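Down below is the structure, laid out as C-alpha coordinates.
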Amino acid sequence: MSGRAGAKGKRPSFAALRQAYPTTNAVSRVQLFQELGIESLIGDIKYENTCGIRMSYALTKAGAALTRGGLRINKGPFQGSRIEPSMRKLAEHLAELWGPPQKFDSNAKATQELTLQQGVVAFFFGEFLPLVGAQGHIDLLLPRWPGFEECVGSCNFGRDNKVWFWPLP
(Lines of atoms letter the chains of each structure in order from A and count residues from 1; the text may use other names and numbers.)
(Lines give C-alpha, C1' and ligand atoms only; values in the text may rest on other atoms or scores of the structure.)
Protein backbone atom coordinates (compact mmCIF):
# COMPACT_ATOMS: atom_id res chain seq x y z
CA MET A 1 0.00 0.00 0.00
CA SER A 2 1.38 3.43 -0.88
CA GLY A 3 1.26 6.53 1.28
CA ARG A 4 -1.55 7.81 -0.94
CA ALA A 5 -3.83 4.77 -0.92
CA GLY A 6 -7.41 5.96 -1.14
CA ALA A 7 -6.38 9.48 -0.20
CA LYS A 8 -6.11 12.95 -1.67
CA GLY A 9 -2.90 13.93 0.14
CA LYS A 10 0.22 12.11 1.21
CA ARG A 11 -0.12 10.14 4.41
CA PRO A 12 2.90 9.48 6.60
CA SER A 13 4.00 5.94 7.27
CA PHE A 14 2.67 4.39 10.45
CA ALA A 15 6.24 3.86 11.69
CA ALA A 16 7.11 7.54 11.19
CA LEU A 17 3.94 8.73 12.90
CA ARG A 18 4.32 6.34 15.82
CA GLN A 19 7.94 7.38 16.35
CA ALA A 20 6.93 11.06 16.27
CA TYR A 21 3.94 10.65 18.61
CA PRO A 22 4.55 12.21 22.07
CA THR A 23 2.82 9.69 24.36
CA THR A 24 1.51 10.80 27.74
CA ASN A 25 3.92 8.36 29.41
CA ALA A 26 6.95 9.98 27.75
CA VAL A 27 5.85 13.63 27.55
CA SER A 28 3.60 15.24 30.16
CA ARG A 29 1.07 17.88 29.21
CA VAL A 30 3.29 20.59 30.73
CA GLN A 31 6.37 19.30 28.87
CA LEU A 32 4.40 19.13 25.62
CA PHE A 33 3.16 22.70 25.93
CA GLN A 34 6.68 23.91 26.79
CA GLU A 35 8.15 22.09 23.78
CA LEU A 36 5.55 23.69 21.52
CA GLY A 37 5.98 27.16 23.01
CA ILE A 38 2.37 27.36 24.17
CA GLU A 39 3.12 27.62 27.89
CA SER A 40 0.38 30.22 28.34
CA LEU A 41 -2.17 27.40 27.89
CA ILE A 42 -0.81 25.17 30.67
CA GLY A 43 -3.36 26.41 33.23
CA ASP A 44 -6.24 26.71 30.75
CA ILE A 45 -8.87 24.04 31.41
CA LYS A 46 -9.99 24.20 27.74
CA TYR A 47 -6.68 22.51 26.84
CA GLU A 48 -6.73 19.69 29.42
CA ASN A 49 -7.37 17.08 26.72
CA THR A 50 -4.29 16.92 24.52
CA CYS A 51 -4.99 14.16 22.01
CA GLY A 52 -5.59 16.60 19.14
CA ILE A 53 -2.46 18.56 20.00
CA ARG A 54 -0.36 15.40 20.31
CA MET A 55 -1.61 14.00 16.99
CA SER A 56 -1.15 17.35 15.21
CA TYR A 57 2.43 17.59 16.46
CA ALA A 58 3.19 13.99 15.50
CA LEU A 59 1.78 14.55 12.00
CA THR A 60 4.00 17.61 11.60
CA LYS A 61 7.09 15.76 12.83
CA ALA A 62 6.29 12.85 10.48
CA GLY A 63 6.12 15.17 7.46
CA ALA A 64 2.34 15.54 7.15
CA ALA A 65 1.84 19.05 8.54
CA LEU A 66 -1.66 20.48 8.79
CA THR A 67 -2.77 23.32 6.55
CA ARG A 68 -5.03 24.79 9.22
CA GLY A 69 -5.48 24.60 12.96
CA GLY A 70 -6.41 26.74 15.93
CA LEU A 71 -2.86 27.03 17.30
CA ARG A 72 0.68 27.38 16.02
CA ILE A 73 3.93 25.88 17.26
CA ASN A 74 5.84 28.84 18.69
CA LYS A 75 9.36 27.45 19.02
CA GLY A 76 11.71 24.75 17.83
CA PRO A 77 12.28 23.29 14.36
CA PHE A 78 8.55 23.26 13.54
CA GLN A 79 7.87 26.85 14.61
CA GLY A 80 4.93 28.31 12.70
CA SER A 81 3.35 24.91 11.94
CA ARG A 82 -0.33 24.47 12.72
CA ILE A 83 -1.81 22.46 15.59
CA GLU A 84 -5.49 21.59 15.97
CA PRO A 85 -6.46 21.06 19.62
CA SER A 86 -10.00 19.86 18.79
CA MET A 87 -10.03 16.18 17.90
CA ARG A 88 -13.26 16.68 15.97
CA LYS A 89 -11.83 19.51 13.84
CA LEU A 90 -8.61 17.54 13.38
CA ALA A 91 -10.53 14.49 12.13
CA GLU A 92 -12.51 16.68 9.73
CA HIS A 93 -9.27 18.25 8.48
CA LEU A 94 -7.71 14.80 7.93
CA ALA A 95 -10.77 13.89 5.86
CA GLU A 96 -10.08 16.96 3.70
CA LEU A 97 -6.36 16.19 3.41
CA TRP A 98 -6.45 12.40 3.05
CA GLY A 99 -9.92 11.72 1.75
CA PRO A 100 -12.86 10.15 3.54
CA PRO A 101 -12.12 7.74 6.37
CA GLN A 102 -13.64 4.32 6.86
CA LYS A 103 -16.66 5.07 9.09
CA PHE A 104 -18.24 2.74 11.61
CA ASP A 105 -21.45 3.25 13.57
CA SER A 106 -20.96 0.28 15.86
CA ASN A 107 -18.22 -1.04 18.08
CA ALA A 108 -18.63 -4.61 16.82
CA LYS A 109 -18.33 -3.61 13.17
CA ALA A 110 -15.28 -1.39 13.82
CA THR A 111 -13.35 -3.98 15.82
CA GLN A 112 -14.12 -6.68 13.24
CA GLU A 113 -13.17 -4.56 10.21
CA LEU A 114 -10.05 -3.09 11.81
CA THR A 115 -8.46 -6.44 12.66
CA LEU A 116 -4.69 -6.21 12.15
CA GLN A 117 -4.98 -2.70 10.70
CA GLN A 118 -2.81 0.25 11.67
CA GLY A 119 -3.50 3.92 11.27
CA VAL A 120 -5.17 7.01 12.68
CA VAL A 121 -8.43 6.36 14.52
CA ALA A 122 -10.96 8.92 15.74
CA PHE A 123 -13.60 8.04 18.31
CA PHE A 124 -16.64 10.32 18.51
CA PHE A 125 -18.27 9.95 21.90
CA GLY A 126 -21.98 9.36 22.39
CA GLU A 127 -24.32 11.68 24.23
CA PHE A 128 -22.97 11.37 27.78
CA LEU A 129 -19.22 12.00 27.68
CA PRO A 130 -19.48 15.43 25.98
CA LEU A 131 -21.07 16.62 29.22
CA VAL A 132 -17.61 16.40 30.83
CA GLY A 133 -15.99 18.35 28.01
CA ALA A 134 -14.66 15.53 25.83
CA GLN A 135 -15.79 15.40 22.19
CA GLY A 136 -13.97 12.17 21.53
CA HIS A 137 -10.45 10.92 21.13
CA ILE A 138 -7.94 10.65 18.27
CA ASP A 139 -5.07 8.17 18.42
CA LEU A 140 -2.96 5.62 16.57
CA LEU A 141 -4.46 2.15 16.24
CA LEU A 142 -1.96 -0.69 16.51
CA PRO A 143 -2.47 -3.87 14.43
CA ARG A 144 -4.14 -6.39 16.77
CA TRP A 145 -6.72 -9.20 16.73
CA PRO A 146 -10.38 -8.49 17.68
CA GLY A 147 -10.80 -8.31 21.43
CA PHE A 148 -7.21 -7.15 21.83
CA GLU A 149 -7.58 -3.65 20.35
CA GLU A 150 -4.75 -1.35 21.34
CA CYS A 151 -3.94 2.27 20.65
CA VAL A 152 -0.74 4.17 21.39
CA GLY A 153 -2.68 6.28 23.92
CA SER A 154 -6.08 4.75 24.57
CA CYS A 155 -8.76 3.11 22.45
CA ASN A 156 -12.32 4.24 23.04
CA PHE A 157 -14.42 1.66 21.26
CA GLY A 158 -17.83 1.87 22.87
CA ARG A 159 -21.44 1.06 22.16
CA ASP A 160 -22.43 4.65 21.36
CA ASN A 161 -19.16 5.80 19.81
CA LYS A 162 -18.76 6.44 16.11
CA VAL A 163 -15.34 5.50 14.70
CA TRP A 164 -13.39 6.98 11.78
CA PHE A 165 -10.25 5.28 10.51
CA TRP A 166 -7.49 6.11 8.03
CA PRO A 167 -5.08 3.22 7.31
CA LEU A 168 -1.38 4.02 7.14
CA PRO A 169 1.30 2.06 5.29
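Using the working numbering, the first residue of the sequence shown is number 16, and each one after it goes up by one.
Even for Gly, the Cβ is constructed at its ideal location relative to N, Cα and C.
Since this is a predicted model, take the numbers as computed values, not measurements.
Residue i - containing alpha helix (DSSP H), residue span
{"i": "Gln117", "result": "Counting along the chain, Gln117 falls outside any alpha helix (DSSP H), though it belongs to the beta strand (DSSP E) covering 117-119."}
{"i": "Phe29", "result": "29-35"}
{"i": "Leu105", "result": "102-113"}
{"i": "Thr65", "result": "Careful: Thr65 lies outside any alpha helix (DSSP H) and carries neither H nor E."}
{"i": "Thr82", "result": "Here Thr82 belongs to no alpha helix (DSSP H), and DSSP marks it neither H nor E."}
{"i": "Glu128", "result": "122-128"}
Under the three-state DSSP convention, the category residue i falls into
{"i": "Gly168", "result": "coil"}
{"i": "Ala20", "result": "For Ala20, the pLDDT reaches just 43, beneath the cut-off of 50, and the residue's location in the model is therefore unreliable, leaving the point undetermined."}
{"i": "Val42", "result": "coil"}
{"i": "Leu74", "result": "helix"}
{"i": "Gly151", "result": "strand"}
{"i": "Arg87", "result": "strand"}
{"i": "Phe48", "result": "helix"}
{"i": "Leu156", "result": "strand"}
{"i": "Pro145", "result": "Low local confidence applies: a pLDDT of 48 at Pro145 is under 50, so the model's placement there is unreliable, and no value is given."}
{"i": "Asp59", "result": "coil"}
Endpoints, the beta strand (DSSP E) within which residue i is located
{"i": "Phe138", "result": "134-139"}
DSSP beta-bridge partners of residue i
{"i": "Gly173", "result": "Gly173 is not bridged to any residue."}
{"i": "Trp181", "result": "Val135"}
{"i": "Arg97", "result": "Arg87"}
Below-8 Å beta-carbon distance, residue i vs any chain C residue
{"i": "Leu131", "result": "Of the protein chains in the structure, only one exists, and it is not chain C."}
Task: At least 3 beta-carbon pairs within less than 8 Å: the stretch 61-78 vs the stretch 148-162 - done: yes
Open item on the list: Does the structure place the stretch 30-50 close enough to the stretch 160-177 that three or more beta carbon pairs sit under 8 Å?
Closed with: yes
Open item on the list: So, does the stretch 177-184 touch the stretch 79-97, judging by three or more C-beta pairs under 8 Å?
Closed with: no
TODO: Kindly confirm or deny that the stretch 89-96 and the stretch 113-133 touch, where touching means at least three C-beta pairs closer than 8 Å.
DONE: no
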